[in-house]
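Student: Numbering (this note's numbering), first residue to last: 987 to 2073.
Just so it is clear, CB atoms sit at the ideal spot from N, CA and C, and this is done for glycine as well.
Just so we're clear, the structure is a prediction, and the values are computed from it rather than from any experiment.
#1: Using 10 angstroms around the beta-carbon of residue 1141, count the other beta-carbons present and answer buried if the total reaches 16, otherwise exposed.
#2: Return the CA-CA distance between residue 1122 and residue 1366, expressed in angstroms with no decimal places.
#3: Rounded to whole angstroms, how far is the Cβ of residue 1236 from the Cβ of residue 1173, which I believe are closer than 8 Å?
#4: May I have the straight-line CA-CA distance separating residue 999 from residue 1120, to the nearest angstrom?
#5: Just reading off the alpha helix (DSSP H) that residue 1036 is part of, what are its end residues?
#6: Can you name the start and end residues of the beta strand (DSSP E) that residue 1734 belongs to?
#7: Between which two residues does the beta strand (DSSP E) holding residue 1023 run?
#8: Have a look at residue 1128 and residue 1351 and give me their C-alpha separation to the nearest angstrom.
#9: Relative to the C-alpha of residue 1891, which candidate in 1814, 1882 and 1832 has its C-alpha closest?
#10: If you check the beta carbons only, do residue 1005 and residue 1014 fall under 8 Å apart?
#11: Could you check where the alpha helix (DSSP H) with residue 1101 kicks off and where it finishes?
#12: If the criterion is Cβ atoms closer than 8 Å, does the pair residue 1710 and residue 1609 meet it?
#13: Span of the beta strand (DSSP E) holding residue 1812?
#14: Starting from the Cα of residue 1402, find the closest Cα among 1384, 1815, 1426 and 1604 and give me that residue.
#15: Distance, Cα to Cα, residue 1553 vs residue 1654?
#16: Assign residue 1113 to buried or exposed, taking buried as 16 or more other Cβ atoms, counted over all protein chains shown, within 10 Å of its Cβ.
#17: How far does the beta strand (DSSP E) with residue 2082 in it extend, from its first residue to its last?
#18: Are the beta-carbon atoms of residue 1510 and residue 1458 separated by less than 8 Å?
#19: Return the CA-CA distance between residue 1194 and residue 1343, expressed in angstroms with no decimal places.
#20: Cα-Cα, which of 1705, 1842, 1751 and 1861 is closest to residue 1779?
#21: Report yes if the C-beta distance between residue 1536 and residue 1345 is below 8 Å; otherwise report no.
#22: Taking the Cβ atom as the reference point for each residue, do residue 1688 and residue 1700 lie within a distance shorter than 8 Å?
#23: So what does residue 1852 bridge to, in DSSP terms?
#24: Quick check for students: name the residue ranges of the beta strand (DSSP E) that lie wholly in the stretch 1373-1447, counting only runs of 3 or more.
#25: Name the residue from 1266, 1808 and 1463 whose alpha carbon lies nearest to the alpha carbon of residue 1620.
#26: Pick from 1362, 1642 and 1612: whose alpha carbon is nearest that of residue 1601?
#27: In this structure, does DSSP put residue 2013 in helix, strand or coil?
#28: Is the beta carbon of residue 1858 sitting closer than 8 Å to the one on residue 1828?
#29: Where residue 1959 and residue 1966 are concerned, what is the direct C-alpha to C-alpha distance, given to the nearest angstrom?
#30: Can you tell which of 1809, 1623 and 1875 has its C-alpha closest to the C-alpha of residue 1259?
#31: Since residue 1130 sits in a beta bridge, which residues does DSSP pair it with?
#32: If you reduce the DSSP assignment to three classes, tell me which class residue 1247 lands in.
#33: Do you know how far the Cα of residue 1053 is from the Cα of residue 1043?
#34: List the DSSP bridge partners of residue 978.
#35: From residue 1468 to residue 1527, what distance separates their C-alpha atoms?
#36: Check whether the Cβ atoms of residue 1389 and residue 1456 sit closer than 8 Å, and answer yes or no.
Dropping the structure here:
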């Protein structure tokens, strides 16, 4: 900052003078009081003034000048901490000191608040002050957690104890503010870390994670966190996300497995690690000493290599001429080209959780005690409350809180699994019995359906928005939940097994989860090693757990996206009019047979086939992800190497798609891992497994190249599933294609003239914005008209000499000469879109039909062709073309706002109407006047299943008849002939029926009891008939006819509910015959 005197100041001198005077008036160390800090007379007012300066000048003006002045004056270490240390624990009743300590806490929170670098909001002051303030905050943290005179953090807790002691109902807004102030102060201290891009002169061990955990354990901060967490939802509500912040910055990067090692195991692990590193060093030295320089090869050397393109390459150093491999490696190392560096896509700030952190022995003890107490008392209340806040998107929940939530849940679930394993081993060692070792209710709040919905929703949104760090935390949480549930499934308690089976069924029931995991696995690209580790972990665990559970539950169902059947799919793609026709004639869609077939189809599709599902991971994207992970084989842990080994084994042998691994870079990587240089350690536990896997893969690769030499070329490129299937099996993958449906036939309403119909159809096509089809059809008609006109002109000019000779030989016979027929003109669609339109566009097909063109539909190959028939003259084609051109520029106008499409309807089928009219003409009296006096054969007992089968057969027969009728229409004369033949067969059949229903051999036998019952029934029937006859005589003839009609309608309505139109006509026909037969019997009795 430049001023008039020419000097350059970092901070405004007036501001610095005001701040310095306030700090001086606050107090200081007195010589007569043994160096103790003495408060000034207006110390409390000075603290309040500094608070106002920070709020009004720094926060509102966004300058950071006051914070810089306070940092330069050593305000925190020289004044604030001294004031807090001067408040002894036994003087809790001193209100002045309490207020002074609370004012100091109010100043410490903004001074230790994390500084975020936002490029869009940073000013010149920020670039000037932020580096200095970041280093100053590290000094604040060192002074606070390592202060010798008093426990500063414990003193800060004492400031909030009165507010914490109050119940949540009795707390005021000031109490809530004090509690938040304390928690924010602890959060700030746990977040402060030395900046990576700045040099700090202090000792890192004084501000390390171990020092922080030791301070929290010594100054009772862990007890405060447990108290607030265990009563979350009862005594505390809005402090949940702050507690989450603190716990996240305590446990991030810490390996939970190290916490549950005892001292002996820790020492053994250190020794084993040292031995491993020594062996690795010895291996590196031995490989180096094979070609180490000697006294005779210290002189420089240079060789030239001539490549295939006749270019020369220079290789220096004598070590490069030992063998070809070293020469090529030397060439690669001297290349000048370096690929561009892409920016890091992950998190690299205080929220980053990939970097590992090592703890001291004391820190591990304090953290282990806190973790065990937290799991026993605070896990369910805290995380259940936070999950609800995230679901309802509370205002206190920031964007980074879901990431912290999923990571901390993942960390504590892993810690609980490790603790359970340790307790299980101890129990088995002590008692040699398998007792109840389950502690799953302690983590039940993250094993319910609400948590699963929140987790899957977060994974979907983060994946779509490409928030890779958030997605990585969610994937880690998902993996640990799956492992925890799998342990529940293996628990000796039946209740745990049942709950675990329920959870896994819900997990694997949703196909969206399967799609999400496969999508994540195949889309990795430069998101960092931490994200890559999370992707490979969730893929490995998901496949392993799903495979194990599918073996236990063989009827595992998966809810996939419902696929429409062929009829509905075709209906969806057809136009509106075709859909209407399908609805009118779609009786077979509701039949029970089609319902059963559709139900079987859905059940088969929804049943999980693990082998088929695992093939979704055999893609080039998934293989590339695991190859990128395996490249770091020297830095991977044994579990991570095993993860990659299982995936390659699954691809090559379980799924039998080893072709996906036959790529030059993959083969080179596998060979380098085994043969070197810088390969896997031969003394490692998994080396033999990798060696055997690589040997089998290379053997299959050599065998495949002999079978299919084209694989030599394909090894240079990635492979999709089609190419991989062909290379693996030698034939292309068979896929089933659906046959397209022809659009429903349309017609113009009313008896309109031909030219009016053309105009209406053309106008409807224009309203549908399908001018492109019209332009193509017009061009084809113009070409056809020219060709047909040329043929007609030529046919008139060519003399027919044969006809002249015949006329001279027989002059008396004046026969008209035969005209030579023209050839049909073929019209082929120009594009595939046109082919589909000619097949499925009902309006275009109607226009083609009205013009007179013939259509040839090859549904098997989805090919459509048009032809100008010989009967269509050039004038007819020209007339149709003129009508189309006229309608384009002068579209017809209809009354009452109607459109052209309103005058077009689906063409009604004449088959059902003709059948209906034929049955309507039939009666109980045949054409030759013979009456049918009784129902042939009488009533028969039919089972329900037989009746349904009969109905189904009749429907299928009618469907076949309908299809055959559509292909080959039947004339009215043929229908009448069929009707007459059918009636004759029916009459002859009825005449041949014998009286077996009424006369049989047993009639000759006499039985008095049976005869008596028979005559009693006859007497009752005769009386009932007389009563009905008297009622009939009293009514008029009109009433009698109306009653007969209503009875007929009711009976037909009841039956027609379960039958279709054909069976309804049959029923009415038989019912009429029965009624007439009964009336004849009554008349005969009356006479």
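Tutor: Concretely, from the data shown:
#1: Within the chain shown, numbered from 1, the residue matching residue 1141 stands at position 155. That one is buried.
#2: Along the chain shown, read from residue 1 onward, the residue named residue 1122 stands at position 136. Along the chain shown, read from residue 1 onward, the residue named residue 1366 stands at position 380. For residue 1122 and residue 1366, the distance between alpha carbons rounds to 38 Å.
#3: Locating residue 1236 in the chain shown gives position 250, counting from the first residue. Locating residue 1173 in the chain shown gives position 187, counting from the first residue. Taking the Cβ atoms as the reference, residue 1236 lies roughly 10 Å from residue 1173, outside the contact range of under 8 Å.
#4: In the chain shown, the residue the question calls residue 999 occupies position 13. In the chain shown, the residue the question calls residue 1120 occupies position 134. Each residue's alpha carbon lies about 22 Å from the other.
#5: Position 50 of the chain shown, counting from 1, holds the residue named residue 1036. Where residue 1036 is concerned, the enclosing alpha helix (DSSP H) stretches over 1029-1039.
#6: Residue numbering aside, residue 1734 sits at position 748 when the chain shown is read from its first letter. Under the DSSP assignment, residue 1734 falls in the beta strand (DSSP E) whose first and last residues are 1732-1734.
#7: In the chain shown, the residue the question calls residue 1023 occupies position 37. Start and end: 1023-1025.
#8: Residue numbering aside, residue 1128 sits at position 142 when the chain shown is read from its first letter. Residue numbering aside, residue 1351 sits at position 365 when the chain shown is read from its first letter. Spanning the two alpha carbons is a distance of roughly 22 Å.
#9: By one-based count along the chain shown, residue 1891 stands at place 905. Considering only alpha carbons, the answer is 1832.
#10: As a first step, residue 1005 is located in the chain shown; it is residue number 19 there, counting from the start. As a first step, residue 1014 is located in the chain shown; it is residue number 28 there, counting from the start. Taking 8 Å as the cut-off, the Cβ atoms of residue 1005 and residue 1014 do not count as close.
#11: Walking along the chain shown from the start, residue 1101 turns up at place 115. From DSSP, residue 1101 is part of no alpha helix (DSSP H); its letter is neither H nor E.
#12: Taking the first residue of the chain shown as 1, we reach residue 1710 at position 724. Taking the first residue of the chain shown as 1, we reach residue 1609 at position 623. Not a contact, by the Cβ cut-off of 8 Å.
#13: As a working note, residue 1812 is residue 826 in the chain shown. Boundaries of the beta strand (DSSP E) harbouring residue 1812: 1811-1813, taken from the DSSP string.
#14: Along the chain shown, read from residue 1 onward, the residue named residue 1402 stands at position 416. Answer by Cα proximity: 1426.
#15: Your numbering for residue 1553 matches position 567 in the chain shown. Your numbering for residue 1654 matches position 668 in the chain shown. Confidence at residue 1553 is low in this model, with a pLDDT of 45, below 50, so the placement of that residue should be treated as unreliable; the coordinate-derived value is given next. In a straight line, the C-alpha of residue 1553 is about 52 Å away from that of residue 1654.
#16: Taking the chain shown and counting its residues from 1, one reaches residue 1113 at position 127. It counts as exposed.
#17: Residue numbering for the chain in the displayed model covers 987 to 2073; residue 2082 lies beyond these limits and cannot be assessed.
#18: Mapped onto the chain shown, residue 1510 falls at position 524. Mapped onto the chain shown, residue 1458 falls at position 472. Taking 8 Å as the Cβ cut-off, residue 1510 and residue 1458 do not qualify as a contacting pair.
#19: Mapped onto the chain shown, residue 1194 falls at position 208. Mapped onto the chain shown, residue 1343 falls at position 357. The alpha-carbon atoms of residue 1194 and residue 1343 are separated by roughly 9 Å.
#20: By 1-based counting over the chain shown, the position of residue 1779 is 793. Comparing alpha carbon positions, the residue from 1705, 1842, 1751 and 1861 closest to residue 1779 is 1861.
#21: Taking the first residue of the chain shown as position 1, residue 1536 is located at position 550. Taking the first residue of the chain shown as position 1, residue 1345 is located at position 359. No.
#22: Reading the chain shown from its first residue, position 702 is the one you call residue 1688. Reading the chain shown from its first residue, position 714 is the one you call residue 1700. Residue 1700 sits away from residue 1688, with the two beta carbons spaced by 8 Å or more.
#23: Mapped onto the chain shown, residue 1852 falls at position 866. Looking at the DSSP assignment, residue 1852 forms a beta bridge with 1813 and 1841.
#24: Whole beta strand (DSSP E) segments, 3+ residues: zero.
#25: Counted from its first residue, the chain shown places residue 1620 at position 634. Of 1266, 1808 and 1463, the residue nearest in Cα terms is 1266.
#26: Indexing the chain shown from 1 puts residue 1601 at position 615. For the options 1362, 1642 and 1612, the alpha carbon positioned closest to that of residue 1601 is the one of 1642.
#27: Locating residue 2013 in the chain shown gives position 1027, where the first residue counts as 1. Three-state DSSP puts residue 2013 in a helix.
#28: Your numbering for residue 1858 matches position 872 in the chain shown. Your numbering for residue 1828 matches position 842 in the chain shown. No; because the gap between Cβ atoms is not below 8 Å, this pair is not in contact.
#29: Here residue 1959 refers to the residue found at position 973 when the chain shown is read from its first residue. Here residue 1966 refers to the residue found at position 980 when the chain shown is read from its first residue. So the two alpha carbons sit approximately 11 Å from each other.
#30: The residue you call residue 1259 lines up with position 273 of the chain shown. If we check each option's Cα against that of residue 1259, 1623 comes out closest.
#31: Looking up residue 1130 in the chain shown gives position 144. DSSP lists no partner for residue 1130.
#32: Position 261 of the chain shown, counted from the start, is the residue given in the question as residue 1247. Here residue 1247 carries a coil assignment [DSSP, helix/strand/coil].
#33: Mapped onto the chain shown, residue 1043 falls at position 57. Mapped onto the chain shown, residue 1053 falls at position 67. When rounded, the distance between both Cα atoms is 10 Å.
#34: There is no way to answer for residue 978, as the model of the chain reaches only from 987 to 2073.
#35: By one-based count along the chain shown, residue 1468 stands at place 482. By one-based count along the chain shown, residue 1527 stands at place 541. Each residue's alpha carbon lies about 7 Å from the other.
#36: One-based indexing of the chain shown puts residue 1389 at position 403. One-based indexing of the chain shown puts residue 1456 at position 470. For residue 1389 and residue 1456, yes; Cβs fall inside 8 Å.
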